[in-house]
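For what it's worth, this note's numbering labels the leading residue of the sequence shown as 29, then goes sequentially. Below: one structure, written as structure tokens.
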Amino acid sequence: MAKFETWVALGSLALGVMFVALIISFYNFLIGPEGKGPQVFVDPIGVLVLIVSIAGVPCLILAGAVLGLSRSSAGRTSALILIITGIILIAGMSGARIAFTHINSLFVVPGMELVPLIFIVGGIGVGAVGGYLLNASNKARRNLEDEIQ
29 MAKFETWVAL
39 GSLALGVMFV
49 ALIISFYNFL
59 IGPEGKGPQV
69 FVDPIGVLVL
79 IVSIAGVPCL
89 ILAGAVLGLS
99 RSSAGRTSAL
109 ILIITGIILI
119 AGMSGARIAF
129 THINSLFVVP
139 GMELVPLIFI
149 VGGIGVGAVG
159 GYLLNASNKA
169 RRNLEDEIQ
């Protein structure tokens with residue numbers, strides 16, 4: 029049976045995937061048909077804050093919770109899930125940066141360019157936490173093997 033921190037890491041992965049999908053689809057919506065922008069009224073700053081607060085920040089918080097939960101017994105599974113989450117955040121936010129360049133300047137609001145940069149750094153941090161936990165699980169496994177022999 030999977031440990032609690034593995035389930036929390038899966039929650040972080042799910043929120044990371046949801047965040048990337050929401051940001052990219054929102055940026056594509058702002059690009060609109062033929063690059064002219066959306067055909068309906070939209071409050072870009074409100075939607076951006078909503079997406080970040082619903083999926084982006086909770087993804088990072090859950091990744092930090094996995095680190096806190098795994099201090100005593102680091103698991104390889106949760107570490108690998110966090111590494112995958114970091115890769116998804118980095119790749120998705122890089123795609124969002126590319127999509128941002130195609131948005132009509134009428135719909136660009138302050139902070140829209142910063143969100144992908146902040147979450148690229150966050151993805152690097154999540155991947156680093158996963159790498160740290162993977163290293164800690166390998167050390168714990170080696171120490172256990174030394175005690176058995």
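Glycine included, each C-beta is placed from N, C-alpha and C at the ideal position. As the structure is a computational prediction, the values presented were derived from the model and not from experiment.
From what residue to what residue does the alpha helix (DSSP H) around residue i run?
{"i": "Ala42", "result": "Phe32 to Ile59"}
{"i": "Phe128", "result": "Arg104 to Phe128"}
{"i": "Gly65", "result": "Where Gly65 is concerned, there is no enclosing alpha helix (DSSP H), given that its DSSP letter is neither H nor E."}
{"i": "Val85", "result": "Val85 to Leu97"}
{"i": "Gly74", "result": "Pro72 to Ile79"}
Can the beta-carbon of residue i be found closer than 8 Å to that of residue j?
{"i": "Leu43", "j": "Ala83", "result": "yes"}
{"i": "Ala119", "j": "Asn56", "result": "no"}
{"i": "Gly158", "j": "Leu97", "result": "no"}
{"i": "Ile112", "j": "Leu41", "result": "yes"}
{"i": "Leu50", "j": "Pro72", "result": "no"}
{"i": "Cys87", "j": "Phe47", "result": "yes"}
{"i": "Leu38", "j": "Gly139", "result": "no"}
{"i": "Val45", "j": "Ile146", "result": "no"}
{"i": "Gly65", "j": "Asn163", "result": "no"}
{"i": "Lys167", "j": "Gly103", "result": "no"}
When we look at the beta-carbon of residue i and count the other beta-carbons within 10 Å, is it buried (16 or more) or exposed?
{"i": "Val136", "result": "exposed"}
{"i": "Ile89", "result": "exposed"}
{"i": "Pro144", "result": "buried"}
{"i": "Thr129", "result": "exposed"}
{"i": "Leu78", "result": "exposed"}
{"i": "Gly74", "result": "exposed"}
{"i": "Leu142", "result": "exposed"}
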